[in-house]
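**Student:** So that we are looking at the same thing, I have put the structure below in C-alpha coordinates.
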Amino acid sequence: MPVAPSWLPAVARAAPNSRPSHLLARENRLLKADDFRSTMKHGRKIASVHLVTYIHRDSSQSDIRVGFVVAKSVGGAVARNLVKRRLRAIARELLKTEPSAKGFSIVVRALEGAASATFEELKSEFLSAASAALKKAVA
44 MPVAPSWLPA VARAAPNSRP SHLLARENRL LKADDFRSTM KHGRKIASVH
94 LVTYIHRDSS QSDIRVGFVV AKSVGGAVAR NLVKRRLRAI ARELLKTEPS
144 AKGFSIVVRA LEGAASATFE ELKSEFLSAA SAALKKAVA
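Under the numbering used here, the first residue of the sequence shown carries the number 44, and numbering increases by one thereafter.
In C-alpha coordinates, the structure reads:
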(Lines of atoms letter the chains of each structure in order from A and count residues from 1; the text may use other names and numbers.)
(Lines give C-alpha, C1' and ligand atoms only; values in the text may rest on other atoms or scores of the structure.)
Protein backbone atom coordinates (compact mmCIF):
# COMPACT_ATOMS: atom_id res chain seq x y z
CA MET A 1 0.00 0.00 0.00
CA PRO A 2 1.46 3.40 -0.97
CA VAL A 3 2.36 5.85 1.77
CA ALA A 4 0.91 8.87 -0.06
CA PRO A 5 -2.02 9.04 -2.45
CA SER A 6 -1.09 8.71 -6.10
CA TRP A 7 -4.09 10.64 -7.34
CA LEU A 8 -2.73 13.93 -8.81
CA PRO A 9 -5.15 16.40 -7.14
CA ALA A 10 -4.45 14.82 -3.75
CA VAL A 11 -0.71 15.01 -4.35
CA ALA A 12 -1.03 18.69 -5.27
CA ARG A 13 -2.90 19.38 -2.05
CA ALA A 14 -0.29 17.50 -0.03
CA ALA A 15 2.58 19.54 -1.50
CA PRO A 16 3.55 22.76 0.29
CA ASN A 17 2.52 25.95 -1.47
CA SER A 18 5.37 28.11 -0.26
CA ARG A 19 8.58 28.82 -2.12
CA PRO A 20 11.64 27.00 -0.74
CA SER A 21 13.46 29.10 1.84
CA HIS A 22 16.86 28.56 0.19
CA LEU A 23 15.97 30.83 -2.75
CA LEU A 24 16.77 34.51 -2.91
CA ALA A 25 13.67 36.61 -3.42
CA ARG A 26 13.17 37.79 -6.99
CA GLU A 27 13.64 41.44 -5.99
CA ASN A 28 17.07 40.51 -4.56
CA ARG A 29 18.38 38.80 -7.71
CA LEU A 30 20.12 40.22 -10.75
CA LEU A 31 18.31 38.64 -13.68
CA LYS A 32 19.25 40.47 -16.88
CA ALA A 33 22.58 40.25 -18.69
CA ASP A 34 22.62 44.06 -19.00
CA ASP A 35 22.42 44.38 -15.21
CA PHE A 36 25.40 42.04 -14.82
CA ARG A 37 27.38 43.93 -17.49
CA SER A 38 26.60 47.32 -16.01
CA THR A 39 27.56 46.24 -12.50
CA MET A 40 30.81 44.67 -13.68
CA LYS A 41 31.70 47.63 -15.90
CA HIS A 42 30.81 50.53 -13.59
CA GLY A 43 31.03 48.89 -10.18
CA ARG A 44 33.80 48.87 -7.63
CA LYS A 45 35.93 45.72 -8.03
CA ILE A 46 37.25 43.91 -4.96
CA ALA A 47 39.37 40.82 -5.59
CA SER A 48 40.23 38.08 -3.11
CA VAL A 49 41.70 34.61 -3.36
CA HIS A 50 38.54 32.80 -4.52
CA LEU A 51 36.14 35.60 -5.50
CA VAL A 52 35.94 38.85 -7.40
CA THR A 53 33.14 41.06 -6.11
CA TYR A 54 31.69 43.99 -8.07
CA ILE A 55 29.46 46.47 -6.24
CA HIS A 56 27.60 49.27 -7.98
CA ARG A 57 25.16 51.81 -6.56
CA ASP A 58 21.94 51.53 -8.56
CA SER A 59 19.65 54.41 -7.60
CA SER A 60 16.78 53.00 -9.67
CA GLN A 61 16.53 49.98 -7.33
CA SER A 62 15.18 49.96 -3.80
CA ASP A 63 16.77 46.67 -2.69
CA ILE A 64 20.19 45.05 -2.75
CA ARG A 65 20.37 42.79 -5.81
CA VAL A 66 22.90 39.97 -6.09
CA GLY A 67 24.06 37.88 -9.04
CA PHE A 68 26.63 35.12 -9.37
CA VAL A 69 29.01 34.16 -12.17
CA VAL A 70 30.45 30.66 -11.80
CA ALA A 71 32.30 29.66 -14.97
CA LYS A 72 33.24 26.16 -16.09
CA SER A 73 36.82 26.88 -15.02
CA VAL A 74 35.60 26.43 -11.41
CA GLY A 75 34.86 22.76 -12.07
CA GLY A 76 32.17 20.39 -13.23
CA ALA A 77 28.46 20.93 -12.77
CA VAL A 78 28.44 19.48 -9.26
CA ALA A 79 31.28 21.77 -8.11
CA ARG A 80 29.74 24.84 -9.77
CA ASN A 81 26.35 24.17 -8.17
CA LEU A 82 28.00 23.70 -4.77
CA VAL A 83 29.71 27.09 -5.11
CA LYS A 84 26.45 28.75 -6.20
CA ARG A 85 24.53 27.25 -3.26
CA ARG A 86 27.17 28.48 -0.84
CA LEU A 87 27.21 31.97 -2.36
CA ARG A 88 23.40 32.20 -2.22
CA ALA A 89 23.46 31.25 1.46
CA ILE A 90 26.07 33.92 2.14
CA ALA A 91 24.05 36.49 0.17
CA ARG A 92 20.97 35.76 2.29
CA GLU A 93 23.08 36.44 5.37
CA LEU A 94 24.33 39.70 3.84
CA LEU A 95 20.75 40.81 3.20
CA LYS A 96 19.94 40.21 6.88
CA THR A 97 23.03 42.01 8.22
CA GLU A 98 22.94 45.03 5.87
CA PRO A 99 19.24 45.97 5.68
CA SER A 100 19.97 49.72 5.54
CA ALA A 101 22.13 49.50 2.40
CA LYS A 102 19.50 49.77 -0.32
CA GLY A 103 19.98 50.33 -4.03
CA PHE A 104 23.13 48.31 -4.67
CA SER A 105 23.86 45.70 -7.32
CA ILE A 106 26.44 43.06 -6.42
CA VAL A 107 28.01 40.55 -8.80
CA VAL A 108 30.18 37.81 -7.32
CA ARG A 109 32.45 36.00 -9.77
CA ALA A 110 33.93 32.74 -8.51
CA LEU A 111 37.53 31.99 -9.46
CA GLU A 112 39.12 28.61 -10.17
CA GLY A 113 39.85 27.56 -6.58
CA ALA A 114 36.39 28.43 -5.25
CA ALA A 115 35.16 24.83 -5.38
CA SER A 116 37.95 23.68 -3.06
CA ALA A 117 37.41 26.55 -0.61
CA THR A 118 35.45 25.92 2.55
CA PHE A 119 32.16 27.64 3.26
CA GLU A 120 33.83 29.75 5.95
CA GLU A 121 36.56 30.94 3.55
CA LEU A 122 34.01 31.98 0.93
CA LYS A 123 31.86 33.62 3.60
CA SER A 124 34.69 35.71 5.03
CA GLU A 125 35.86 36.82 1.57
CA PHE A 126 32.38 37.72 0.33
CA LEU A 127 31.18 39.48 3.49
CA SER A 128 34.39 41.44 4.02
CA ALA A 129 34.42 42.67 0.41
CA ALA A 130 30.73 43.56 0.45
CA SER A 131 30.82 45.23 3.86
CA ALA A 132 33.87 47.33 3.01
CA ALA A 133 32.39 48.52 -0.29
CA LEU A 134 28.96 49.19 1.19
CA LYS A 135 30.41 51.19 4.09
CA LYS A 136 32.46 53.36 1.71
CA ALA A 137 29.51 53.93 -0.60
CA VAL A 138 27.03 54.71 2.18
CA ALA A 139 29.41 57.04 4.05
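The beta-carbon is built from N, C-alpha and C at its ideal position, and this holds for glycine as well.
How many Å lie between G86 and V95 at the Cα?
**Tutor:** Mapped onto the sequence shown, residue 86 falls at position 43. Mapped onto the sequence shown, residue 95 falls at position 52. Approximately 12 angstroms between the Cα atoms of the pair.
**Student:** Does the separation of the CB atoms of G110 and D78 fall below 9 angstroms?
**Tutor:** Position 67 of the sequence shown, counted from the first residue, corresponds to residue 110. Position 35 of the sequence shown, counted from the first residue, corresponds to residue 78. Yes, these two residues count as a Cβ contact at 9 angstroms.
**Student:** Would you kindly work out how many angstroms separate the C-alpha atoms of S167 and E136, rounded to a whole number?
**Tutor:** Here residue 167 is taken as the residue at index 124 of the sequence shown, counted from 1. Here residue 136 is taken as the residue at index 93 of the sequence shown, counted from 1. Approximately 12 angstroms between the Cα atoms of the pair.
**Student:** Just to confirm, are L133 and L154 a CB contact at a threshold of 9 angstroms?
**Tutor:** Taking the first residue of the sequence shown as position 1, residue 133 is located at position 90. Taking the first residue of the sequence shown as position 1, residue 154 is located at position 111. Position check: residue 133 holds Ile in this sequence, whereas Leu was assumed. It is not a contact, given that the beta carbons lie outside the stated cut-off.
**Student:** One question on the structure: do V150 and L73 come within less than 9 angstroms of each other, judged by their Cβ atoms?
**Tutor:** Counted from its first residue, the sequence shown places residue 150 at position 107. Counted from its first residue, the sequence shown places residue 73 at position 30. Yes, the pair counts as a contact, with Cβ atoms nearer than the cut-off.
**Student:** Does the beta-carbon distance from L138 to L67 come in below 9 angstroms?
**Tutor:** Along the sequence shown, one-based indexing puts residue 138 at 95. Along the sequence shown, one-based indexing puts residue 67 at 24. Closer than 9 angstroms, so yes.
**Student:** For the beta strand (DSSP E) that contains R152, what are its first and last residues?
**Tutor:** In the sequence shown, the residue the question calls residue 152 occupies position 109. R152 -> beta strand (DSSP E) spans F147 to A153.
**Student:** Just to confirm before moving on: does the CB-CB distance between I98 and F147 stay below 9 angstroms?
**Tutor:** Locating residue 98 in the sequence shown gives position 55, counting from the first residue. Locating residue 147 in the sequence shown gives position 104, counting from the first residue. Yes, they are a contact pair.
**Student:** Contact defined as beta carbons within less than 8 angstroms: I believe I107 pairs with A175. What is the distance between those atoms, to the nearest angstrom?
**Tutor:** Taking the sequence shown and counting its residues from 1, one reaches residue 107 at position 64. Taking the sequence shown and counting its residues from 1, one reaches residue 175 at position 132. Contact flag wrong, Cβ pair sits at about 15 angstroms.
**Student:** At which residue ranges does the stretch 70-122 contain complete alpha helix (DSSP H) runs of 4 or more residues, listed in the order of the chain?
**Tutor:** You should have 76-85.
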